[in-house]
Amino acid sequence: MQRMCMSLHMSSLISARNITKRFGNFTAVDGISFDVEKGQVVGFLGPNGAGKTTTIKMIYTAFPPDEGELRVFDMDTRTHQRAIKERLGVVIQSDIVEETGTCLENLRLYATYFGVPWHKTRDTAIKLLKTFDLADWAHRSIRSLSGGMKRRISIAKGLISNPELLLLDEPTIGLDPQARQFMWEVVRQIQDEGRTILLTTHYMDEAERLCDFIFVVDHGNIISQGTPSELIAKHLLPNVIEIESEIANLPQLKKLGERQDIQLVMRPHRSTVFAKDGEAMMRQLYSELGTGVEMRLRPANLEDVFLHLTGRDIRNE
13 MQRMCMSLHM
23 SSLISARNIT
33 KRFGNFTAVD
43 GISFDVEKGQ
53 VVGFLGPNGA
63 GKTTTIKMIY
73 TAFPPDEGEL
83 RVFDMDTRTH
93 QRAIKERLGV
103 VIQSDIVEET
113 GTCLENLRLY
123 ATYFGVPWHK
133 TRDTAIKLLK
143 TFDLADWAHR
153 SIRSLSGGMK
163 RRISIAKGLI
173 SNPELLLLDE
183 PTIGLDPQAR
193 QFMWEVVRQI
203 QDEGRTILLT
213 THYMDEAERL
223 CDFIFVVDHG
233 NIISQGTPSE
243 LIAKHLLPNV
253 IEIESEIANL
263 PQLKKLGERQ
273 DIQLVMRPHR
283 STVFAKDGEA
293 MMRQLYSELG
303 TGVEMRLRPA
313 NLEDVFLHLT
323 GRDIRNE
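If you read the sequence shown in my numbering, its first letter stands for residue 13, the second for the next number, and so on.
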């Protein structure tokens, strides 16, 4: 597979060239190349097991790549682990918040790990609690927080050292819709402060909402890249017609797939037609398949891109 990368710029905070990571006979990351530019929110988008978390772990020097070169802040991750970690903030998917003490005490103690003098930790912690809308919970036990609030504390801890680069591994996994919306607002606020963010996600709407640039990953490979709008324009016609019923397997629909002016993805109970003129195509589909067929017209999105590239629905991964 052709390796894909953004052009190298002096502002790159991360530069990976043909990096590979294996665990026994399993190749988790398969010779990928990419750059992350300063000031961007960059997303690694793909299903569970695609290699996203392994890539994040190599970036924060949890382990080195087996092959290739990975540089962060223009330093080799094999030889400058400590210097790199001092400038990174990391929030991993499996992060567990220490549940002893209050929210304020927890953040103050964590700040001392990064050399912040104890007498200065209070101001730092209070500022972060306000940022994450937890100021009213400052003196409450960590144990009393909901799962979404604990996730906010995790990300606050990732910012405690005032990092140049923040790594977020599946930042909203397991959160309810309201908590996810709040976290999205916080990510944009963090970017507005001039930080660079690299996040992994399998939520298409999250990537589309937050990311300036996206790498689509599957089975350890980067299979496409671009801004959200570029990815859609590169791979798909702009309008989507979803056909939901057993009618999806009719010969008439299969014959439509032979046309050059549409794209068709067929599945047992739902098929998807991509067309330039969605309304005209719907009229034709009703004419050929009958008005009793259930159809829905909508704009193309990143879920459609993943389906087009892999033949699989990421929501089922």
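Glycine included, C-beta positions come from ideal geometry on N, C-alpha and C. Model, not experiment: these values are computed from the prediction.
- In the three-state scheme derived from DSSP, where H, G and I count as helix and E and B as strand, Met87 is classed as strand.
- In the DSSP assignment, Ala219 falls within the unbroken alpha helix (DSSP H) covering 216-222.
- Here His151 is exposed. Its C-beta has fewer than 16 other C-beta atoms within 10 Å.
- Here the alpha carbon of Gly55 sits roughly 12 Å from the alpha carbon of Thr65.
- In the structure shown, the three-state DSSP call for Pro263 is helix.
- A Cβ-Cβ distance of about 11 Å is found for the pair Ile71 and Thr212, leaving them out of contact under the 8 Å criterion.
- The straight-line gap separating the alpha-carbon atoms of Leu116 and Pro129 is approximately 15 Å.
- About 5 Å separates the beta carbon of Val53 from that of Leu222, a gap short enough to meet the 8 Å contact definition.
- Within the model, the alpha-carbon separation for Ala74 versus Arg90 is close to 10 Å.
- His320 places its beta carbon less than 8 Å from that of Val277.
- Per DSSP, reduced to three states, the secondary structure at Gln193 is helical.
- Under the three-pair Cβ rule at 8 Å, the stretch 293-306 does not count as touching the stretch 38-50.
- In the structure shown, Thr66 adopts helical secondary structure according to DSSP, grouped into three states.
- For Leu141, the enclosing alpha helix (DSSP H) starts and ends at 130-143.
- One alpha carbon belongs to Leu309, the other to Glu254, and they sit about 7 Å apart.
- Counting only the Cα atoms, Val228 lies some 24 Å from Ile167.
- Shortest Cα-Cα distance from Val84 to any of Gln264, Gln193, Ala28 involves Ala28.
- According to the DSSP assignment, Phe318 belongs to the alpha helix (DSSP H) that extends over 314-322.
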